[in-house]
Amino acid sequence: MAEIALLQSLQDLEHWKRASGKPIHFVPTMGGLHAAHGGLFTLAAAPEARLLVSVFVNPLQFGPTEDFERYPRQLQADLNLAAAHGADALWAPQSIDIYPLGQGGLTQVMPAPDLVKHLCGAKRPGHFQGVCTVVARLLALVNPSRIYLGEKDWQQLQVLRRMVLDLGLPVQVVACPTLREADGLPFSSRNAYLSAAQRQQAAALPQALADLKLDVDAEMQNGESLLLWVRARLEAAGLAVEYLELVQPLSLQPLPQLEGSALLAAAVRCGSTRLIDHRILMTRLPIVAIDGPAGAGKSTVTRLVARELGLVYLDTGAMYRAVTWLLQSQGLAPEESPALANALGQLNLRLEAQPEGDQLVWVNDENVTEQIRTAAITAGVSAVAALPSVRSALTSQQRSFGAKGGLVAEGRDIGTAVFPQAELKVFLTATVAERARRRAADLAARGLPVPALSQLEQEISQRDQLDSSRAVAPLCKAPDALELVSDGMAIEQVVSQIVAWFKERAIFPEPGQPAGAPQG
């Protein structure tokens with residue numbers, strides 16, 4: 000067993016921090032450590048960092064009738080388990096270290112209200128305020144580069160992610176998968192409260208969630224029907240249901256229908272013991288939507304992100320360019336007309352993926368991959384994209400591409416109009432001057448005439464105005480999109496940031512469970 004330091008005061012912590020210049024990976028716990036904590040420690044341990052585990056039973060996150068007094072306290076066993084799984088130190092602070100002026104004297108950190116309206120937040124008032132307050136204090140004292148949190152407490156994970164984001168704390172939140180015991184019950188310190196008979200009874204909770212299949216009944220896509228089916232299973236096992244809800248996994252807002260990804264979460268009472276569990280249900284794989292103005296580098300970035308993540312690249316901008324090429328080649332004006340309707344009715348638009356992630360674009364069996372990148376097409380595509388019939392036709396085709404998910408799509412309205420349910424939305428932009436410079440470099444690289452930068456800036460500004468003010472699906476940032484201003488960033492840096500966001504936010508079933516239908 001590796002040697003581990005036991006820190007029992009702030010002075011011990013400060014001395015340990017100064018002893019090495021390595022960054023700190025941090026796992027906060029309330030003790031009562033078990034195999035799932037060990038899994039967290041194993042993931043968090045790294046040769047380039049030191050792993051610190053904290054053990055502190057936080058009184059602020061317990062309600063008046065909850066189990067603060069009997070919560071497991073087993074410091075020596077915790078120390079042994081942490082050492083066995085690669086921890087360099089275990090910090091067991093005293094209450095005065097965390098709350099120097101007492102529980103009532105510390106500045107409280109309020110969780111984001113929208114994240115605590117449902118699930119445990121609705122049933123345990125003040126709980127997440129206590130969680131945020133203590134974790135913010137721990138982060139301030141430890142100053143880690145990464146904090147590792149388990150997905151078992153899913154709502155807590157989302158609340159703390161938002162707290163870190165909103166407060167601009169310089170720490171990366173790393174989520175770790177739920178680990179389960181042989182009967183399917185998630186590892187929990189509170190499992191020790193269960194008698195042998197109650198343990199068998201409690202196993203009905205993970206079993207009911209795992210047994211949920213879309214093919215049980217076509218009506219199971221309806222949220223109410225789904226919840227009634229699961230509730231009946233839980234109550235038949237003698238479990239008292241505290242809550243059972245179907246919510247969007249990141250916003251934690253209720254979902255009336257199962258579509259895309261959803262979180263089915265439950266809290267039950269088995270005797271006097273409160274247990275929680277959840278499952279991610281999916282009808283398709285995740286979607287990444289990358290929007291932004293012309294010249295922001297979306298096509299290149301999207302192609303590289305798709306390649307990095309092993310997802311399908313959907314170049315929606317090329318689709319609008321292809322229709323623009325079709326109209327220009329037939330001498331049709333960019334306006335609604337019977338001729339446009341006829342052209343769209345006969346349109347055979349095909350995107351053909353290439354081994355390196357590029358795509359060939361075919362219109363009515365003609366390869367137009369190069370033709371759609373000319374200056375004439377660039378100048379005309381905004382007017383064509385604003386036509387309701389064009390947008391309707393292409394949006395329908397794009398949605399059909401996304402029915403199974405597993406793709407990265409780029410455009411002007413992917414996250415707002417085409418895939419508003421995308422798991423990750425990025426608004427990729429850059430200043431007009433930067434986009435003009437990139438456009439000039441692209442034209443030069445392809446041996447095409449390069450206008451003056453001032454002319455390119457004017458054209459890009461005009462394009463922004465047209466795209467932002469059009470009546471149908473105007474260019475705008477989705478409320479839940481992450482904005483990335485790429486001035487001064489290399490393509491590799493932009494791609495790396497988006498991939499990191501995907502890994503933080505994308506939702507997948509638990510290991511071993513396929514997507515494509517709700518699975519446990």
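Residue 302 in numbering that gives the first Met the number 0 sits at position 303 of the sequence shown, with consecutive numbering throughout. No residue lacks a Cβ here, since even glycine has one placed at the ideal position from N, Cα and C. Bear in mind the structure is a predicted one, so any value in this text is a computation, not a measurement.
Item: Checking 9 Å against the spacing of the C-beta atoms, do residue 204 and residue 158 come in under that value?; Value: no
Item: What are the start and end residues of the alpha helix (DSSP H) that includes residue 339?; Value: 337 to 344
Item: Would you list the residues sitting across from residue 426 in a DSSP beta bridge?; Value: 290, 482
Item: Excluding the 5 residues flanking residue 394 on each side, which residues of the same chain have their C-beta closer than 7 Å to its C-beta?; Value: 416, 417
Item: What is the C-beta distance between residue 5 and residue 12, in whole angstroms, given that I count them as a contact (C-beta under 8 Å)?; Value: In fact, because the Cβ distance is near 11 Å, the residues do not count as touching under 8 Å.
Item: Rounded to a whole number of angstroms, what is the C-alpha to C-alpha distance between residue 515 and residue 403?; Value: Low confidence applies here, because residue 515 scores a pLDDT of 38, under 50, leaving its location unreliable; read the following figure in that light. Those two C-alpha atoms are separated by around 7 Å.
Item: Give the straight-line distance between the Cα atoms of residue 489 and residue 437, rounded to the nearest whole angstrom.; Value: 12 Å
Item: Tell me whether residue 122 is buried or exposed, calling it buried when 16 or more other Cβ atoms sit within 10 Å of its Cβ.; Value: exposed
Item: Alpha carbon to alpha carbon, how far is residue 323 from residue 374?; Value: 12 Å
Item: Work out the CA separation of residue 312 and residue 298 for me, nearest whole Å.; Value: 9 Å
Item: Identify whether residue 192 lies in helix, strand or coil by the three-state DSSP scheme.; Value: helix
Item: Does residue 298 come out as helix, strand or coil in the three-state DSSP assignment?; Value: helix
Item: Can you give the beta carbon distance from residue 431 to residue 413, rounded, assuming they're within the 8 Å contact cut?; Value: So it is not a contact: roughly 22 Å between Cβ atoms.
Item: Considering only DSSP beta bridges, list what residue 281 is partnered with.; Value: 260
Item: How far does the alpha helix (DSSP H) with residue 503 in it extend, from its first residue to its last?; Value: 490 to 504
Item: For residue 68 and residue 104, what's the separation of their Cα atoms in angstroms?; Value: 22 Å
Item: Considering residue 461, what are the terminal residues of the beta strand (DSSP E) in which it resides?; Value: No beta strand (DSSP E) contains residue 461, which is instead part of the alpha helix (DSSP H) from 452 to 468.
Item: Could you give the C-beta distance for residue 407 and residue 304, rounded to a whole number, given that I count them as a contact under 8 Å?; Value: 5 Å
Item: Over what stretch of residues does the beta strand (DSSP E) that includes residue 24 continue unbroken?; Value: 23 to 28
Item: In chain order, what are the residue ranges of uninterrupted alpha helix (DSSP H) at least 4 long that sit wholly in the region 119 to 197?; Value: 119 to 122, 126 to 141, 153 to 166
Item: Are residue 283 and residue 149 closer than 9 Å when you measure CB to CB?; Value: no
Item: Would you tell me roughly how many angstroms separate the C-alpha atoms of residue 264 and residue 277, rounded to the nearest one?; Value: 4 Å
Item: By Cβ distance below 8 Å, which residues in the same chain neighbour residue 319 in space, the five residues on each side in sequence not counted?; Value: 380, 383, 384, 389, 393, 410
Item: Determine the burial state of residue 422: buried for a count of at least 16 other Cβ atoms within 10 Å of its Cβ, exposed for fewer.; Value: buried
Item: Does the beta-carbon of residue 302 have 16 or more other beta-carbons within 10 angstroms, so that it is buried, or is it exposed?; Value: buried
Item: Secondary structure at residue 19, three-state DSSP: helix, strand or coil?; Value: coil
Item: If we ignore side chains and look at the alpha-carbon of each, how far apart do residue 142 and residue 48 end up?; Value: 13 Å
Item: Pick from 57, 307, 273: whose alpha carbon is nearest that of residue 491?; Value: 307
Item: Using 9 Å as the limit for Cβ to Cβ distance, is residue 65 near chain B?; Value: The question asks about chain B, but that chain is absent: this structure has only one protein chain.
Item: For residue 281, does the count of other Cβ atoms within 10 angstroms reach 16, so buried, or fall short, so exposed?; Value: buried
Item: Cβ of residue 188 within 9 Å of Cβ of residue 32?; Value: yes
Item: Going straight from the alpha carbon of residue 124 to that of residue 117, what length do you get?; Value: 11 Å
Item: Taking 8 Å as the cut-off, is the C-beta of residue 440 nearer than that to any heavy atom in the ligand FMN?; Value: Here there are no bound small molecules, and the ligand FMN is not part of this structure.
Item: By the 10 Å Cβ neighbour count, where 16 or more other Cβ atoms means buried, how is residue 162 classified, buried or exposed?; Value: buried
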